[in-house]
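Residue numbers (my numbering): 168 to 681. Below you'll find the structure, written out as structure tokens, and then a few comments.
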């Protein structure tokens, strides 16, 4: 039987023996495993204002790591957590043991979110002046793994774990200050982007009408709604608008509205006040506030819940917010760019999206054509992506394409658009790092021979006249046959309209008489 004082002394040395909390937890669990079951150990803080657990560090016997993972709790688990908070205020030194995690709603939610099987848990609640701030959890896979002796030993470690939690929370504050610095360095990032050669491939071809719209709206302050299928590069166009605007030296904050749980969206978008809620240990700026003097990009805007739509409407109307739990109105100088792959007009009809918000956002819509409608961009995209991916994979040489590969790629319908093309190229580079690159399996080799769509035949190489004819026809489709004037085919192709008409006549193009 180990002496408790010796156990406490050695464990404390393990926990506090490193400046890095993740390394201290790793050394701790290695030592604990000699006396009790121990698979994983977590340091968590409870954010009562948003009803979620935030994991700040974890370790197993192999490694430790810092975390910043929010786990929202179900209504049942949140009620249990609130009861635990009240208990901590009454009992300043509690520990807890749960050998059947499926019977405990908090344990069940957390283990599921962290990817662990049903397990046994030992925990110590950590409190500052009667205020619950978090806990340390020791996890062992399976049921009934811990006994009273294990719990008694583990409960002696509250003080060293309290120190560990304090250090971890201070580290989180440092990370928040790093976020502030990141806001102020957006301009530097944009310059580095230009220097690295990042470009919009297709800006002078299939995306030329889109880039014309970008130039029209970039210098203004109007909201922009970017429409397009998944993978078409809506985020790239949003970046182009921001960096072509007078706000280019300000922050560009991107938010994926579909990736934030409904229960956390207010805190993420609008922030909360320090001390406004129990557990709100510091002021938190939301994404809108971080975007002040710059641009906020709301991707997947159609996924916003109704309550958040109301608050977004206020931002659009008044350019002001209030932090969660606060009473001070914060004025903002921001531009809002939204994007979606959903039909917002249909969502309005179905009552899933506010009509007044739709009108506010739909001031200047930009529709990005899918890759299957601009297959002429594919050769340039392929060259660009091969060079970029070859550098990322640290290949000695840039592989060549196999004969006929471009025709194969241009014949495919690309339901995943540019993102799918990028994945196909990376897969080909992994399979054939020395080349030639081949694309035999493109997600079942679906081919587009849709009605009204012309595709190059696979055998042989397209003649130049045929490529030019097809490109002119597609531009005429984009302009509804308009040749002269602003937005006409002549302007988009950078050709004199009379020269274009002569070229059309020689190529046998009969439509487009405006």
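Quick reminder that beta carbons are idealized off the backbone N, C-alpha and C, glycines included.
task: Starting from residue 396, trace the alpha helix (DSSP H) both ways and give me its first and last residue.
output: No alpha helix (DSSP H) holds residue 396; DSSP gives it neither H nor E.
message: If I measure Cβ to Cβ from residue 506 and keep anything under 6 Å in the same chain, skipping five residues before and after, which residues do I get?
response: Around residue 506: 393, 401, 466.
Length of the line joining the Cα atoms of residue 205 and residue 302: Answer to the nearest angstrom: the Cα atoms are 16 Å apart.
- prompt: Near residue 453, which residues of its chain fall below 6 Å by C-beta distance, leaving aside the five closest residues on each side in sequence?
  reply: Within the same chain, 436, 437, 438 come within 6 Å of residue 453 by CB-CB distance, once the 5 residues on both sides are set aside.
query: Based on Cα-Cα distance, which residue from 335, 553, 577 lies nearest to residue 594?
result: Taking only the C-alpha atoms, the option nearest residue 594 is 553.
- prompt: Ends of the beta strand (DSSP E) at residue 262?
  reply: Where residue 262 is concerned, the enclosing beta strand (DSSP E) stretches over 262 to 265.
message: Under 8 Å: do the stretch 240 to 249 and the stretch 184 to 194 share three or more Cβ pairs, one atom per stretch?
response: The stretch 240 to 249 vs the stretch 184 to 194: no contact.
- prompt: Can you tell me where the alpha helix (DSSP H) with residue 194 in it begins and where it stops?
  reply: Unbroken alpha helix (DSSP H) run through residue 194: 188 to 199.
query: When the Cα of residue 608 is compared with those of 581, 398, 293, 241, which residue comes out closest?
result: For the set 581, 398, 293, 241, the Cα lying nearest the Cα of residue 608 is the one of 581.
field: Three-state secondary structure assigned by DSSP to residue 226
entry: Strand.
- request: Rounded to whole angstroms, what's the CA-CA distance from residue 516 to residue 509? Just pull it up for me.
  value: Counting only the Cα atoms, residue 509 lies some 13 Å from residue 516.
query: Which class does residue 582 belong to by DSSP, given the choice of helix, strand or coil?
result: DSSP places residue 582 in coil when its eight states are reduced to three.
Length of the line joining the Cα atoms of residue 273 and residue 243: About 8 Å.
- prompt: With C-beta atoms as the reference, is residue 476 less than 9 Å away from residue 524?
  reply: Judged by beta-carbon spacing, residue 524 lies within the 9 Å limit of residue 476, meaning their Cβ atoms are closer than that value.
message: Rounding to the nearest angstrom, what Cα-Cα distance links residue 683 and residue 557 in this structure?
response: Since the first residue of the chain shown is 168 and the last is 681, residue 683 is not available in this structure.
- prompt: Quick one: what's got a C-beta closer than 6 Å to residue 233's C-beta in the same chain, skipping five residues either side?
  reply: Result list for residue 233: 189, 224, in chain order.
message: Using only the alpha-carbon positions, how far apart do residue 405 and residue 532 sit?
response: Residue 405 and residue 532: Cα-Cα distance of roughly 12 Å.
query: How is residue 204 classed by DSSP in three states: helix, strand or coil?
result: Note: residue 204 maps to coil in three-state DSSP.
Burial state of residue 425 (16 or more Cβ within 10 Å): Exposed: under 16 other Cβ atoms inside 10 Å.
message: Rounding to the nearest angstrom, what Cα-Cα distance links residue 644 and residue 521 in this structure?
response: The alpha-carbon separation between residue 644 and residue 521 amounts to approximately 33 Å.
- prompt: Per DSSP, residue 410 is paired with what?
  reply: Beta-bridge pairing links residue 410 to no other residue.
field: Straight-line Cα distance separating residue 388 from residue 281
entry: About 42 Å.
message: Pairs of beta-carbons, one from the stretch 407 to 425 and one from the stretch 541 to 555, closer than 8 Å: are there three or more?
response: Flag = no, the stretch 407 to 425 and the stretch 541 to 555 do not touch.
- prompt: Pick from 472, 494, 560, 485: whose alpha carbon is nearest that of residue 518?
  reply: Closest in alpha carbon position to residue 518, among 472, 494, 560, 485, is 472.
- prompt: Between residue 184 and the rest of its own chain, which residues show a CB-CB distance below 8 Å, the 5 nearest in sequence each way excluded?
  reply: Correct list, in chain order: 191, 194.
- request: Evaluate residue 270 with the Cβ neighbour count: other Cβ atoms within 10 Å of its Cβ, from every protein chain shown; 16 or more gives buried, anything less gives exposed.
  value: The residue is exposed, with fewer than 16 neighbouring Cβ atoms inside 10 Å.
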